[in-house]
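Comments concern the structure below.
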Amino acid sequence: MTQMPPIVGSSVIQVAGAAASLAMLTATHSHIVWCKVISSTSFRTASTAVFLVITARLATKSLRELRARGIIGTVKDLYKFCARNFFRFMMTLPGIKEKVNAELDKTLARMEEEMVPRGPGITRHLELPKQGWTDDLVVSELHELAQMKHSLWEAGRVSGGVYHGGEDMLKLQTEAYGMFSVANQLHPDIFPGVRKMEAEVVSMVLRMYNAPESGVGASTSGGTESLLMACLAAKMKGWHEKGIIEPEIVAPVTIHAGFDKAAYYFGIKLRHAPLDPVTYKVDLKAVRRLINSNTVLIAGSAPNFPHGIIDDIEGLSEIAVKHNIPLHVDACLGSFVIPFMEKVYSEIDSTVTVPLFDFRVKGVTSISCDTHKYGFAPKGSSVIMYRDAKLRRYQYFLATDWSGGVYASPTLAGSRPGALMAGCWATLMRIGENGYVESCRNIVSAARSIRLAIQNEFECLYVLGQPIGSVVAFSSETLNIYDIADGLLKKGWHLSALQNPAAIHIACTRLTITAVAELISDLREVVAQVETHIVAGEKKQQGDTAMLYGVAGSISTHGIVDELAVGFLDTLYKV
Ligand SMILES: *Cc1c(COP(=O)(O)O)cnc(C)c1O
Numbered sequence: 013m014t015q016m017p018p019i020v021g022s023s024v025i026q027v028a029g030a031a032a033s034l035a036m037l038t039a040t041h042s043h044i045v046w047c048k049v050i051s052s053t054s055f056r057t058a059s060t061a062v063f064l065v066i067t068a069r070l071a072t073k074s075l076r077e078l079r080a081r082g083i084i085g086t087v088k089d090l091y092k093f094c095a096r097n098f099f100r101f102m103m104t105l106p107g108i109k110e111k112v113n114a115e116l117d118k119t120l121a122r123m124e125e126e127m128v129p130r131g132p133g134i135t136r137h138l139e140l141p142k143q144g145w146t147d148d149l150v151v152s153e154l155h156e157l158a159q160m161k162h163s164l165w166e167a168g169r170v171s172g173g174v175y176h177g178g179e180d181m182l183k184l185q186t187e188a189y190g191m192f193s194v195a196n197q198l199h200p201d202i203f204p205g206v207r208k209m210e211a212e213v214v215s216m217v218l219r220m221y222n223a224p225e226s227g228v229g230a231s232t233s234g235g236t237e238s239l240l241m242a243c244l245a246a247k248m249k250g251w252h253e254k255g256i257i258e259p260e261i262v263a264p265v266t267i268h269a270g271f272d273k274a275a276y277y278f279g280i281k282l283r284h285a286p287l288d289p290v291t292y293k294v295d296l297k298a299v300r301r302l303i304n305s306n307t308v309l310i311a312g313s314a315p316n317f318p319h320g321i322i323d324d325i326e327g328l329s330e331i332a333v334k335h336n337i338p339l340h341v342d343a344c345l346g347s348f349v350i351p352f353m354e355k356v357y358s359e360i361d362s363t364v365t366v367p368l369f370d371f372r373v374k375g376v377t378s379i380s381c382d383t384h385k386y387g388f389a390p391k392g393s394s395v396i397m398y399r400d401a402k403l404r405r406y407q408y409f410l411a412t413d414w415s416g417g418v419y420a421s422p423t424l425a426g427s428r429p430g431a432l433m434a435g436c437w438a439t440l441m442r443i444g445e446n447g448y449v450e451s452c453r454n455i456v457s458a459a460r461s462i463r464l465a466i467q468n469e470f471e472c473l474y475v476l477g478q479p480i481g482s483v484v485a486f487s488s489e490t491l492n493i494y495d496i497a498d499g500l501l502k503k504g505w506h507l508s509a510l511q512n513p514a515a516i517h518i519a520c521t522r523l524t525i526t527a528v529a530e531l532i533s534d535l536r537e538v539v540a541q542v543e544t545h546i547v548a549g550e551k552k553q554q555g556d557t558a559m560l561y562g563v564a565g566s567i568s569t570h571g572i573v574d575e576l577a578v579g580f581l582d583t584l585y586k587v
C-alpha cells in the first residue's frame, strides 16, 4: 500500500523538468553567462519540449472539457461562471454591500428567532450543572424537549424524514438499545454479540440485493457514510491499479449530495451528467462523453432522491464494463422497498416492469442501502456492499505502526455505537421479509395513488418522469410550484422543495399511507387559491420557499444563498 503508482514518478519528473526550465528562463534576464546556454541548441530543444508538454496537457484538458459539455454547454457554463462572479463582486461594493448585509442579517435574525427559543419560561443550560440533576428532573426536562413545537410528522405530513416502524417496534428497539448501550464495534473481543449482529445484517442485505458468493460489505452510520466509502474505495482502486492521481466520478445531476461531499472530502472531481428530459433518467450519451482516463467511478441511483426515478442501471453497466470502471448504485432510498417491488407490482399492477438495479447487473460493483430508511432501523445505520472483498479492502484504514498499537478500522468512525447495531438487527429480525413486502406494498400503493391523482385530476400540475417507487415529484407550467409548497406548508404539509428544475416532492413513508386522501384534497384547495391570486392579479407576499428558491434561482443573487446556508448551520449551535 505504500507503493507509489508509476504515474506519480513520471509527474515528479515533469514538474522537476518544468521547474528547471523556469529557473533557466529567469536566469536569462539577469545573467550574461547564460547567453551561451540560451543560444545553444540543446537549451532550445529542451525549452521547446517543455513548452510542448505544457501545451499538450492544457490542450488535452480543454478538449476533455469541451467534449464533456459540448460547445453550447461550455459557453453556457462560462457565462454562468462569469455572471455569478460578477454579481458576487458587485455585492462587495460599498453601498450595495451594506444593503445586502442588512437584508441578510434580517433574514438570519428571523431564522434564529424561529429555531432558537428564548424568553421567559425558557431556561438555557450553558454549562454543566454544578450539582448533577436527579433522574426525575432529567426525565421531566426531556419530556419538555420532546414536546417543543415541531412539524407534524406524527400525522404523516412530512415528506421522508421519519421512517417509523410502528409503536411496538420503537419499544423493541429501545430494549435492544438499552442492552447494548455501552457496546462498541471497535472491540469485538469485548462485544462478540455485536460483531455477530453486524456480520448478519450485512449478509441479509447482500442477499436482498442478489450479491454473488463473493459479495461483502460493512455497516456505516448512514447513507452519506456509505457513499463516502464507495467513493473512497473507487478512488484508491484507481490510484493503486491504474495510477490515477486526478480522480473523477461521473454521476447524474440527481445523485445524492453525499457524492459532492465525497468529492470535497477526498479531492475528487465530480462530473454531473444531465438527465433525459422525458424520462428524467440519466442521459447515457452524456455519461459516455464525460468519461475519460481519470474516471474512477460511475454512479446511478435506484431511485434518486429528487424525483424518485431509477436510473438505467443496465445501460450504465454496459458503459462501465466497456471502460473497465466500477459502477456504484445508490439504493440508500430504495433500501428495503426496491428489492421487493418486483413481487409487489406483479400483484398490484402487472403493466409495470421493475428494471434490474442490483448485483444481477454485471457491471455493478458496489451498492449502498440505508437500513435507517425503509428498513425502519434506528437512525444512524446503513450498509455499503461490494461485489468482492478486493474493492472493500480499499476503504479500510490501517495504522499498523501507531504508538497506540496496531490500528485497523473498516469505516469512517473509530468507535462505533453497538447499541445502534443491536437496534438495527432487532428491527430486521422482527419485521422479516413478509413485513417488508407488506410495507413495500403499502408505501408503493400510496405513492401510486398520489401520482395518479396528480396526473389525472390536476390539469395545471405534472409529474416528473414515471416514478414507480416511494417518491413522487411534481411541478407546474402555469403556477409557481413554490407557492404551492408554501400553501401546503400553511396546512401543515412539509414537502421537499427541489430546484433545476423547480418542483416539489413527497417521499411516502408508513406514516403517509393514511394521509393520502387529505393530501390530495389540501392540494386541490391550495392550487385553487394560487390560481385565484393569479386571476385577480394580486401581488401576494411570497412565502419562505418561494423567496429562498427565487433567490437561489437567480444568477444575480445566487451568492447570497451560500451566506444563508452558512448562517443556518451557525444557528444550529446557538443556545
Ligand atoms: C437519504 C439518501 C442518502 C443518504 O442520506 P443520509 O441522510 O446520509 O442517510 C443517499 N442517497 C439517497 C438517494 C438518499 O435518499
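Quick note on the working numbering: the sequence shown kicks off at 13 and runs consecutively. Built from N, CA and C at the ideal position, the CB exists for glycine as well.
N316 is a Cβ neighbour of T266, given a cutoff of 7 Å.
Here P204 carries a helix assignment [DSSP, helix/strand/coil]. Annotated as proximal: I310 and L328, with beta-carbon spacing under 7 Å. Shown here, A434 sits in a helix according to DSSP, grouped into three states. Of the residues assessed, P106 falls on the exposed side of the cut-off, its CB having fewer than 16 other CB atoms within 10 angstroms.
Annotated as distal: I525 and N446, with beta-carbon spacing of 7 Å or more. Burial check for W437: the Cβ neighbour count within 10 Å reaches 16 or more, so the residue is buried. Counting only residues of its own chain and dropping the five nearest sequence neighbours on each side, I337 has a CB closer than 6 Å to the CB of T307 and I310. Per DSSP, the unbroken alpha helix (DSSP H) holding C94 starts and ends at T53 to M102.
No heavy atom of ligand 1 is found nearer than 6 Å to the CB of G417. Under the three-state reduction of DSSP output, C381 falls in the strand class. Counting the other CB atoms within 10 Å of its CB gives W145 a total below 16, which places it among the exposed residues. The shortest C-alpha to C-alpha distance from I360 to any of M397, I443 and A458 is the one to A458. For H199, DSSP records no beta bridge to any residue.
Within the stretch 248-304, the beta strand (DSSP E) runs of at least 3 residues that lie entirely inside it are, in chain order, 260-264 and 281-285.
Under the Cβ criterion (8 Å, minimum of three pairs), the stretch 371-391 does not count as touching the stretch 157-171. L198 and T186 have their alpha carbons spaced roughly 22 Å apart. When secondary structure is reduced to three states using DSSP, I546 falls in the helix class. For G131, DSSP records no beta bridge to any residue.
Distance from the CA atom of D117 to the CA atom of I516, rounded to whole angstroms, is 28 Å. A contact is defined here as three or more CB-CB pairs under 8 Å, and the stretch 127-143 fails this definition with respect to the stretch 412-429. For M248, same chain residues with a beta-carbon under 8 Å away, outside a window of 5 residues either side, are Y406 and Q407 in chain order.
In this structure, the straight-line span from the alpha carbon of L476 to that of R463 is close to 10 Å.
According to DSSP, D342 shares a beta bridge with S313 and S380. Going by C-alpha positions, T383 is about 45 Å away from R69. Shortest Cα-Cα distance from R522 to any of M181, L491, V547 and A434 involves M181. Counting only runs of at least 3 residues, the stretch 458-536 fully encloses the following beta strand (DSSP E) elements, listed from N- to C-terminal order: 473-475, 483-488, 508-510 and 515-519. If you check the C-beta of H176 against ligand 1, you find no heavy atom less than 6 Å away. Taken atom to atom, the span from the alpha-carbon of L432 to that of E260 is near 34 Å. With a threshold of 6 Å, the Cβ atom of C344 counts as near ligand 1, since some heavy atom of the ligand is closer than that.
In the DSSP assignment, L410 falls within the beta strand (DSSP E) that extends over F409 to A411. Scanning its chain for C-beta atoms nearer than 7 Å, with the 5 sequence neighbours on each side dropped, one finds around F192 the residues V206, G430, A431 and A434, in chain order.
The DSSP-derived three-state label of P224 is coil.
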